[in-house]
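Notes to accompany the following structure.
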Amino acid sequence: MLNIKNLHVKLEEEDKQILKGVNLSLEPGKVHAIMGPNGSGKSTLSYVLSGKGGYEVTEGAAQLEGVDILDMEAEERAAAGLFLAFQYPVEIPGVGNMTFLRTAVNAQRKLRSEEEMSAGEFLKVVRAKAKDLKIDAEMLKRSVNVGFSGGEKKRNEILQMAMLEPKMCILDETDSGLDVDAMKLVSQGVNALRDENRTFLVITHYQRLLDHIKPDVVHIMANGRIIKTGGPELALEVEQNGYADLLEEIA
Amino acid sequence: MAMDDIQVKDGVDAETVEAVKALSGTYKYGWNTEIEMDYAPKGLSEDIVRLISSKNDEPEWMLGWRLAAYRRWLELKEPDWAMVDYPTIDFQDQYYYARPKSMEKKPKSLDEVDPKLLETYKKLGIPLKEQALLAGVEAPEGERRVAVDAVFDSVSVGTTFQTELRKAGVIFCSISEAIREHPELVRKYLGSVVPVSDNYYATLNSAVFSDGSFVYIPPGVRCPMELSTYFRINAENTGQFERTLIIADKESYVSYLEGCTAPQRDVAQLHAAVVELVLLDDAEIKYSTVQNWFPGDENGKGGIYNFVTKRADCRGDRSKVMWTQVETGSAVTWKYPSCVLRGDDSQGEFYSIAIANNMQQADTGTKMVHLGKNTKSRIVSKGISAGKAQNTYRGLVSMHPKAKSSRNYTQCDSLLIGNKCGAHTVPYIEVKNNSSRVEHEATTSKVDDDQLFYCRSRGMDEEEAVALVVNGFCKEVLQALPMEFAMEAQALVAISLEGSVG
Ligand SMILES: Nc1ncnc2c1ncn2[C@@H]1O[C@H](COP(=O)(O)OP(=O)(O)OP(=O)(O)O)[C@@H](O)[C@H]1O
Ligand SMILES: [Mg+2]
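Top to bottom, those sequences are chains P and C.
Counting in our numbering, the first sequence runs from 1 upward without gaps.
Counting in our numbering, the second sequence runs from 1 upward without gaps.
Here it is, written out as structure tokens:
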């Protein structure tokens with residue numbers, strides 16, 4: 001699904017290297033998790049993959065289903081099936097959540113030369129999916145993320161993902177700020193989307209989330225590189241011992 | 001339907017964006033109608049004033065009024081306090097009167113109007129031909145009917161729904177017709193809100209205005225449909241000086257829409273209008289404008305110089321006026337729709353979106369003059385600047401000694417796109433009694449890269465993303481517009497900001 005080869009990324013504005021050769025190979029239908037200390041480059045990786053400005057790729061490549069994505073515009077990557085649930089979802093005052101969702105769904109459909117979703121169908125689908133995530137009608141009317149609690153913002157990201165039905169889902173710390181019940185809702189939302197053609201990359205600091213969303217592979221990222229890859233047990237190991245031992249291994 | 005409601009009120013409708021995208025040029029009304037015109041000779045003189053008056057078959061008193069204005073104008077100086085900068089206007093190098101040849105004999109009904117003119121308005125999306133609406137194809141469900149007075153260069157080419165309006169006692173006609181047919185009303189009210197000597201451009205307008213719209217709503221009548229005027233400047237080097245007079249008698253109500261377009265020409269054109277609103281006891285007027293005169297090209301060549309005096313006089317107690325404007329066009333805009341709150345408990349509201357892109361300059365705002373007791377005013381201004389444009393909000397709130405217990409609330413927000421443009425806020429506040437309250441809030445923000453990336457990561461392209469964010473910023477004002485206008489305004493916001501990022 002997604003293949004990342006020797007990805008090197010620096011900041012555009014200053015001479016600061018953040019990713020120093022990342023290699024990842026994510027197969028269709030699998031859930032990969034990335035853990036790693038603060039500032040190791042996890043969010044940067046997700047931003048670069050989804051096309052945010054301000055970064056420069058100095059070396060390496062990334063392919064979605066065999067197609068290079070690093071030269072594509074952000075919206076083209078989205079239409080090609082890439083989705084990022086933001087660590088810090090952005091507020092857009094005055095733009096209704098529902099309007100935003102519908103504009104996004106139809107923008108992607110247009111880029112893929114598909115027919116637009118009718119207003120009626122859209123309403124039906126969005127109501128059903130919102131209900132699953134316990135997002136009420138009032139929240140759908142409010143401005144995008146404005147005045148949403150931390151947990152509401154994260155649930156809203158999952159709603160967007162459910163509506164857009166991407167093939168490659170990147171979740172950046174979607175669990176942070178969620179209470180126990182919300183964590184269950186979000187995990188159910190993600191698990192409901194799991195299928196053999198969809199891949200997840202879940203960035204998290206905690207085993208908690210991985211109890212609900214069982215990963216197939218766990219990677220540890222440190223200092224701009226993947227320093228270790230293993231099975232679900234690797235996450236448990238980190239939970240118990242922290243990163244010190246792992247960092248020592250590679251030092 | 002509920003969904004459509006949400007679409008209009010909350011942001012950009014996908015179809016709207018599509019429609020906008022489908023347009024080839026960036027200014028979609030830039031075409032020109034090939035039509036034979038009658039011009040008065042270029043330049044301004046007493047003779048021209050006499051000629052305009054005689055072309056309109058005006059009575060003697062009207063000519064006298066115009067000539068007094070003209071003589072006054074000769075003594076006035078062009079104001080220079082606004083934050084706009086434009087080449088000196090040569091008032092002798094303009095045509096003051098242009099009329100399609102086919103309009104020489106006044107058409108008796110719309111059937112006699114030159115089809116080319118009707119075609120022009122059709123292209124602009126104006127439902128001029130009432131037959132089409134009345135007899136013809138079923139109007140889409142819920143579509144409100146709007147009576148239109150269309151002004152093409154200097155003359156009014158037709159007013160729709162006359163009969164039906166007349167049944168309700170409403171007079172809606174061109175001002176030239178009103179001068180002939182309803183002289184008692186015109187003489188009583190014309191110039192009573194904006195006096196002849198008010199300001200340079202208003203005085204000029206008083207001397208040379210050629211047409212415009214007239215509305216009278218009798219006591220207790222709620223106008224059965226929305227009234228609308230569409231102004232189009234077509235002829236080259238022609239100034240348009242229209243005059244609008246609306247009188248809302250006691251306990252009456254009317255909603256009035258004004259739209260304006262002009263072809264794309266590389267020589268700047270002058271537009272100096274005067275709008276007077278008179279409100280008697282318990283009357284209410286909603287006046288909405290979508291102004292998209294040609295703004296000039298990216299380098300500031302051409303475009304309309306728009307100098308407008310709009311004022312409402314809330315003469316009656318408990319009268320209420322609401323100005324809503326979406327200003328996306330013109331090279332230079334100088335415009336301050338104002339409310340004189342004379343009657344006790346009268347209210348004035350001003351909602352404005354002013355967009356300036358490329359080399360456009362806008363100096364706009366409002367004046368709220370509180371004279372009566374318990375008067376209230378509310379100002380919501382959204383200024384958007386992009387490219388190298390300069391956008392100034394200039395507002396006056398004045399509480400006179402007798403305006404006891406009055407209130408004003410002003411909210412003035414500026415949004416910048418890019419870093420070569422400017423936004424300025426110039427509030428003047430005078431409070432001359434101690435029981436009144438004035439509140440002023442102002443913010444300036446930038447279209448945030450993170451917001452744009454968030455939208456794009458969900459599949460919207462850059463222009464869609466900007467339009468969405470900007471429409472969100474303007475939401476409170478868009479909501480104040482009648483439905484059809486809100487849609488048009490959203491589309492305009494998108495068009496006028498095309499190419500403003502990246
Ligand atoms: N635009 C930027 N300007 C300056 N430094 C940046 C920028 N973007 C990222 N960095 C730096 O790059 C490093 C990686 O940041 P990133 O946000 O990717 O870390 P992370 O692994 O997601 O951390 P966390 O677990 O705290 O979310 C950090 O040191 C951060 O300060
Ligand atoms: Mg992070």
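Every residue gets a Cβ at the ideal spot worked out from N, C-alpha and C, and that includes glycine.
Please work out which residues of its chain come closer than 6 Å, Cβ to Cβ, to residue i, disregarding the five sequence neighbours upstream and downstream, and give them in chain order.
i, result
"residue 21 of chain C", "Note that residue 21 of chain C scores a pLDDT of 36, beneath 50, so its modelled location is shaky; the value from the coordinates is reported in the next line. Once the five neighbours on either side are set aside, residue 21 of chain C has no close Cβ partner at all."
"residue 200 of chain P", "31 and 169"
"residue 398 of chain C", "369 and 430"
"residue 100 of chain P", "144"
"residue 218 of chain C", "169 and 249"
"residue 435 of chain C", "404 and 405"
"residue 160 of chain P", "none"
"residue 149 of chain P", "none"
"residue 252 of chain P", "Outside the displayed span of chain P (1 to 251) sits residue 252 of chain P, for which this structure offers no information."
Mind checking if residue i is an interface residue toward chain A, Cβ cutoff 8 Å exclusive?
i, result
"residue 87 of chain P", "Any reference to chain A falls outside this structure, whose protein chains are P and C."
Quick check on this structure: which residue in the options has the alpha carbon closest to the alpha carbon of residue i?
i, options, result
"residue 481 of chain C", "C:221, C:459 and C:289", "C:289"
"residue 7 of chain P", "P:20, P:1 and P:126", "P:20"
"residue 156 of chain P", "P:229, P:12, P:98 and P:113", "P:98"
"residue 428 of chain C", "C:435, C:185 and C:439", "C:439"
"residue 228 of chain C", "C:256, C:356, C:50 and C:462", "C:256"
"residue 380 of chain C", "C:371, C:394 and C:390", "C:394"
"residue 213 of chain C", "C:327, C:89 and C:182", "C:182"
"residue 193 of chain C", "C:325, C:340, C:60 and C:167", "C:340"
"residue 175 of chain C", "C:167, C:186 and C:168", "C:186"
"residue 254 of chain C", "C:388, C:89 and C:284", "C:284"
"residue 172 of chain C", "C:413, C:337, C:244 and C:240", "C:244"
"residue 214 of chain P", "P:244, P:192, P:67 and P:197", "P:192"
"residue 231 of chain P", "P:244, P:207, P:127 and P:4", "P:207"
Does the distance from the C-beta atom of residue i to that of residue j stay below 8 Å?
i, j, result
"residue 353 of chain C", "residue 382 of chain C", "yes"
"residue 216 of chain P", "residue 22 of chain P", "no"
"residue 332 of chain C", "residue 306 of chain C", "yes"
"residue 323 of chain C", "residue 375 of chain C", "no"
"residue 281 of chain C", "residue 251 of chain C", "yes"
"residue 478 of chain C", "residue 467 of chain C", "no"
"residue 246 of chain C", "residue 215 of chain C", "yes"
"residue 321 of chain C", "residue 277 of chain C", "yes"
"residue 200 of chain C", "residue 335 of chain C", "no"
"residue 82 of chain P", "residue 166 of chain P", "yes"
"residue 390 of chain C", "residue 356 of chain C", "yes"
"residue 462 of chain C", "residue 107 of chain P", "no"
"residue 111 of chain P", "residue 459 of chain C", "yes"
"residue 153 of chain P", "residue 93 of chain P", "no"
"residue 189 of chain P", "residue 132 of chain P", "yes"
Mapping DSSP to helix, strand and coil, what is residue i?
i, result
"residue 478 of chain C", "helix"
"residue 223 of chain C", "coil"
"residue 360 of chain C", "coil"
"residue 314 of chain C", "strand"
"residue 292 of chain C", "coil"
"residue 5 of chain P", "strand"
"residue 250 of chain C", "coil"
"residue 244 of chain P", "helix"
"residue 375 of chain C", "coil"
"residue 197 of chain C", "coil"
"residue 211 of chain C", "strand"
"residue 130 of chain C", "Below a pLDDT of 50, predicted positions are generally treated as unreliable, and residue 130 of chain C, at 39, falls in that range; no measurement from the model is reported."
"residue 182 of chain C", "coil"
"residue 86 of chain P", "coil"
"residue 81 of chain C", "coil"
"residue 76 of chain P", "helix"
"residue 133 of chain P", "coil"
"residue 485 of chain C", "helix"
If I measure Cβ to Cβ from residue i and keep anything under 7 Å in the same chain, skipping five residues before and after, which residues do I get?
i, result
"residue 69 of chain C", "196, 203, 206 and 207"
"residue 86 of chain P", "157 and 172"
"residue 85 of chain C", "361"
By a C-beta neighbour count over all protein chains shown, 10 Å radius and 16 as the cutoff for buried, is residue i buried or exposed?
i, result
"residue 250 of chain P", "exposed"
"residue 131 of chain C", "Bear in mind that the predicted position of residue 131 of chain C carries a pLDDT of just 33, short of 50, making it unreliable; the figure below should be weighed with that in mind. So residue 131 of chain C counts as exposed."
"residue 139 of chain C", "A caution first: residue 139 of chain C carries a pLDDT of 36, below 50, which makes its placement in the model too unreliable to give a value."
Between residue i and the rest of its own chain, which residues show a CB-CB distance below 8 Å, the 5 nearest in sequence each way excluded?
i, result
"residue 40 of chain P", "221, 222, 223 and 224"
"residue 141 of chain P", "96, 97 and 98"
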